[in-house]
Amino acid sequence: MKIPLSWINDYIKIEDSSKELSHKMTMAGTEVGHITEIGSTWDSQKVVVGEIISIQNHPNADRLRLASVNVGNNDLVQVVCGAPNILENQKIAFAHSGAVLKNPSTGESQELKPAKIRGVLSNGMICSAAELGISQENDGIMELPNEMIPGVPLIDVLGDTILETELTPNRPDCLSIIGTAQEISAITQNPVIMPSVNYASTETNISDLMTVEIENPNHCIRYTATLIKDVQIKQSPIWMQNRLEKCGVRPINNIVDITNYVMLEYGQPLHAFDRNKLKDNHIIIRESKNDETITTLDGTKRKLEKGMLVIADKSNPIALAGIMGGQSTEIDDSTNTIFLESANFLGSLIRSTRTKIGLNTEASYRFERELRQEISVLALKRATELIVSICGGKAHKGIIDEYPQNVSHKNINTRISKLNSLLGTEFEQTKVWDTLKHLGFSKIDSSTNENLILSPPLWRSDINIEEDVIEEFARIYGYDNLPVKRLSSELPSIIPDKISNIIEKIRDGLVHSGMNETISYSVSNINSLQKTQSPSDDREIIKLLNPMDSTKAWLRSNLISNLLETLSANQRSNPNTPIKIFEIGHTFAFDKNYKVGDLPTEENSIVGAISGNVSEENLWVSHNQNFDFYNLKGILERSLNNISSNISYSSHNHFLLKHPISAKIISGNVEIGIIGELDDKISEHFNLQKDYPTFVFELNISNIVKIASDSNISYNQISKFPDSKRDVSLLIDISTKSEEIEQIISQSKLVVDVLPIDKYIGEDIPKNKKSITYRIVFQSNIKTLDAAEIDKIQSNIIKSLNEKLNIVERYSI
83 MKIPLSWIND YIKIEDSSKE LSHKMTMAGT EVGHITEIGS TWDSQKVVVG EIISIQNHPN
143 ADRLRLASVN VGNNDLVQVV CGAPNILENQ KIAFAHSGAV LKNPSTGESQ ELKPAKIRGV
203 LSNGMICSAA ELGISQENDG IMELPNEMIP GVPLIDVLGD TILETELTPN RPDCLSIIGT
263 AQEISAITQN PVIMPSVNYA STETNISDLM TVEIENPNHC IRYTATLIKD VQIKQSPIWM
323 QNRLEKCGVR PINNIVDITN YVMLEYGQPL HAFDRNKLKD NHIIIRESKN DETITTLDGT
383 KRKLEKGMLV IADKSNPIAL AGIMGGQSTE IDDSTNTIFL ESANFLGSLI RSTRTKIGLN
443 TEASYRFERE LRQEISVLAL KRATELIVSI CGGKAHKGII DEYPQNVSHK NINTRISKLN
503 SLLGTEFEQT KVWDTLKHLG FSKIDSSTNE NLILSPPLWR SDINIEEDVI EEFARIYGYD
563 NLPVKRLSSE LPSIIPDKIS NIIEKIRDGL VHSGMNETIS YSVSNINSLQ KTQSPSDDRE
623 IIKLLNPMDS TKAWLRSNLI SNLLETLSAN QRSNPNTPIK IFEIGHTFAF DKNYKVGDLP
683 TEENSIVGAI SGNVSEENLW VSHNQNFDFY NLKGILERSL NNISSNISYS SHNHFLLKHP
743 ISAKIISGNV EIGIIGELDD KISEHFNLQK DYPTFVFELN ISNIVKIASD SNISYNQISK
803 FPDSKRDVSL LIDISTKSEE IEQIISQSKL VVDVLPIDKY IGEDIPKNKK SITYRIVFQS
863 NIKTLDAAEI DKIQSNIIKS LNEKLNIVER YSI
């Protein structure tokens with residue numbers, strides 16, 4: 083929200099500098115993200131108020147004109163101007179040569195210099211709002227109020243400071259000038275002066291001319307309206323246009339500008355209908371019917387789903403409630419009677435409709451955050467007063483106020499003892515009340531020193547319970563002013579959670595192996611989910627009723643789809659970088675035979691993927707080598723080592739994986755996951771790089787918990803003697819499983835570890851054979867092994883492999 087201090091000064095006296103005020107607001111929870119000083123670059127001698135005295139046609143250009151401008155003391159300066167909206171006797175912003183202005187095309191500051199334009203010298207410029215840095219409007223010159231005096235420095239009349247606040251969703255009150263003034267009042271304890279509202283009305287009561295019907299009081303909590311006749315549609319006053327532009331709102335005409343002005347002032351959206359374009363005198367707030375259509379003010383014809391909230395006459399919808407009006411009843415130059423609406427709609431319903439039709443507006447932004455019902459009447463009367471005074475209208479007597487379920491906001495009993503207990507303070511009731519009264523609370527009862535019974539501020543919809551009141555006191559008093567104290571009691575001991583401990587151990591192992599954890603949304607697109615769901619999985623994927631994004635409307639039934647999308651995105655942005663990622667999270671699905679009211683099943687799982695060139699990651703690898711199955715297998719074994727020492731792999735066909743480079747991961751008799759190379763069709767669906775194969779794994783946490791509980795992990799003393807490593811390259815049949823080889827090698831009592839580190843199939847390898855290099859670690863608990871002893875053990879291992887699996891040694895180092 084952009085807050086011009088010149089506007090907010092109408093309601094509260096501000097004595098602090100803009101930086102001091104911004105700091106105080108931020109420390110109190112209303113963060114000021116940016117301060118814009120309008121006019122800080124305007125030279126008081128070079129950028130001034132001017133008056134156009136005369137206008138002549140340019141002798142050499144049809145679209146340019148020569149303007150004679152009074153820049154003070156009747157000094158006249160001739161400039162060339164191409165703006166379509168210049169008029170004689172018009173007050174304008176004038177910049178002399180040498181002034182520094184903003185170039186709207188580049189956004190950069192630029193010094194203005196004398197220039198010949200089509201043969202005529204121009205000694206200055208009549209400025210637009212964009213060139214002055216006030217707004218983005220660059221279609222014509224910026225008009226100034228007629229009462230301004232030529233020659234006065236522009237900074238004295240238009241200089242301003244704009245605070246841009248960054249608000250949390252629970253503070254819609256600060257999406258307004260008056261709401262922000264109330265916040266500043268609480269911080270500075272200066273009073274707020276509300277605008278007085280007074281206007282004359284006709285003898286005819288509005289209830290004799292218009293009626294309103296609310297079909298569902300839960301959807302439209304309150305609907306208020308006035309009827310104003312004899313309005314004249316024209317430009318709004320210059321002062322109003324300037325304020326709107328400073329807040330980032332484009333002026334349109336006086337009626338629309340007034341509704342926008344009051345929305346910014348009070349935080350309450352309003353909408354004006356052309357009364358003569360309504361089909362009858364009856365307005366209905368109802369749900370849309372299936373396949374109804376409405377052309378909104380932006381010119382877009384929109385097809386509505388059943389259940390969207392609309393404003394309608396007897397024939398058709400005339401507005402999307404709380405979002406945008408319809409083109410059929412818009413205000414135009416012929417409008418003379420308006421029906422002015424100020425309502426309060428259910429925020430969740432506005433959000434749902436806005437999401438489905440893809441239309442974000444200032445009105446929907448506010449309604450989604452739940453406004454107080456009382457504000458609608460205040461804003462309606464304020465807008466009516468401005469229309470009567472500015473547009474020459476006459477308001478009919480009374481207002482329409484449909485309020486079927488009068489919402490009474492309950493009083494809140496605030497215990498001083500509870501406040502002091504939560505904040506670690508020793509405040510008395512008087513100090514607490516002195517702070518809260520500046521926030522707009524009303525005191526209902528304070529007959530005891532221990533309690534304050536309070537009514538929340540009129541404009542705050544987020545204060546409902548005692549803790550809310552205590553939070554308000556703390557933030558205005560200042561969190562940084564609260565005393566530092568020791569905890570009043572010891573923290574309770576944490577009971578270890580078995581599943582969390584297992585997940586944490588696996589996470590640590592994956593991270594220590596160089597993998598990066600990713601966190602994705604719990605929603606995905608249906609095509610990716612179906613592509614990665616097993617044909618034998620008969621669970622039903624869950625569709626959200628009110629998704630934030632229509633392309634991500636389904637709860638994920640597996641983690642692999644989102645992980646592969648993340649991998650694809652990283653490959654596109656870093657095409658030659660090796661990627662090793664994993665994700666831990668929940669999946670959701672309905673069982674095949676679920677009934678209405680049943681909850682979905684929710685499971686924990688871990689997935690991971692690696693892809694890329696090993697030499698890009700490891701400088702010690704000099705040859706061009708991609709990640710392979712064994713790289714991922716090694717990572718998994720290190721990560722699962724603390725969970726179970728009994729991990730094995732068995733060849734397995736899986737629809738996600740390329741056969742035969744696929745396996746199921748087993749511990750004992752329990753299958754805990756899968757591992758392998760991703761199938762080409764799956765890779766193609768996710769647009770993964772074809773130059774690098776992708777290897778993935780998936781672990782089932784529920785099954786890992788079973789094997790972890792059944793595993794009796796024993797601990798042995800670490801040997802005092804050094805280990806010795808040998809890399810042995812073996813020539814084996816292509817169908818032989820690596821786990822069989824590892825089991826035979828591990829049978830030697832002096833072998834403490836065996837790990838496949840390389841695989842090769844090439845010109846030197848016979849057909850139907852492959853070469854795998856294993857790193858074998860030898861170690862004794864009673865002495866240091868010498869080379870001869872290791873040679874003997876290795877020879878016995880090779881002999882055993884040859885006898886059992888027909889394996890021969892290629893070489894060893």
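According to the working numbering, the residues represented by the sequence shown are 83 to 895, in order. Just so it is clear, CB atoms sit at the ideal spot from N, CA and C, and this is done for glycine as well.
- Residues I717, R720, S721 of the same chain have their beta carbon placed closer than 7 Å to that of S595, with the five preceding and five following residues left out of the count.
- For the pair I168 and I601, the Cα-to-Cα distance works out to about 57 Å.
- Residue pairing of K173 in beta bridges, as defined by DSSP: E133.
- It is roughly 12 Å from the alpha-carbon of A165 to the alpha-carbon of I174.
- Minimum Cα-Cα distance from E780 among the listed residues G522, H741, I754 corresponds to I754.
- Under a 10 Å Cβ-count criterion, M276 is classified as exposed, with fewer than 16 other Cβ atoms of the shown protein chains found around its own Cβ.
- Bounds of the alpha helix (DSSP H) holding Y559 are 548-559.
- By a beta-carbon distance limit of 8 Å, E622 does not contact K580. Their separation comes to about 30 Å.
- With respect to the C-alpha of T648, the residue from L240, K625, G690, T517 having the closest C-alpha is G690.
- M83 counts as buried, since at least 16 other C-beta atoms from the protein chains shown sit within 10 angstroms of its C-beta.
- Here I826 carries a helix assignment [DSSP, helix/strand/coil].
- Straight-line spacing of the CA atoms in D815 and N695 works out to 27 Å.
- The beta carbon of D242 sits closer than 6 Å to those of P86, S88, I120, all from its chain and outside the five residues before and after it, given in chain order.
- The segment 729-755 is shown to contain whole beta strand (DSSP E) runs of 3 or more residues at 729-733, 739-749, in chain order.
- Ranked by how close their Cα comes to the Cα of C256, the residues T435, G201, W541 have W541 in first place.
- Across the set S733, K772, N878, N713, the C-alpha of N713 shows the shortest separation from the C-alpha of I854.
- Secondary structure of H353 (DSSP, three-state): strand.
- By a beta-carbon distance limit of 8 Å, G522 does not contact Q127. Their separation comes to about 45 Å.
- Contact between L379 and M406 holds: their C-beta atoms lie close to 6 Å from each other, under 8 Å.
- The beta carbons of A671 and I624 sit about 6 Å from each other, so the pair counts as a contact at 8 Å.
- Within the segment 595-643, there are no complete beta strand (DSSP E) runs of at least 3 residues.
- Taking a cut-off of 8 Å on C-beta distances, the segment 227-245 does not touch the segment 347-364, as fewer than three cross pairs fall below it.
- Assignment of K128 by DSSP, reduced to helix, strand and coil, places it in the coil class.
- Annotation: the continuous beta strand (DSSP E) that includes V151 extends over 147-152.
- For L812, the uninterrupted beta strand (DSSP E) segment begins and ends at 806-815.
- Inclusion of K361 and D395 in the CB contact set at 8 Å is warranted, their separation being smaller than that value.
- About 6 Å separates the beta carbons of I858 and V810, which is inside the 8 Å limit, making them a contact pair.
- Between T341 and K476, the CB-CB gap reaches or exceeds 8 Å.
- When rounded, the separation of the alpha-carbon atoms in I365 and V294 is 5 Å.
- The continuous stretches of beta strand (DSSP E) do not include E297, and DSSP gives it neither H nor E.
- With a 10 Å radius around the Cβ and a threshold of 16 neighbouring Cβ atoms, Y842 comes out exposed.
- N336 carries a helical assignment under DSSP once its states are collapsed to helix, strand and coil.
- Cβ atoms of S733 and K852 stay farther apart than 8 Å, at about 14 Å.
- Measuring C-alpha to C-alpha distances from H767 to each of S643, Q653, S503, L837 identifies S643 as the nearest.
- Within the same chain, and ignoring the five residues on either side of C329 in sequence, the residues whose Cβ sits closer than 6 Å to its Cβ are K84, L346.
- Under the three-state reduction of DSSP output, E285 falls in the strand class.
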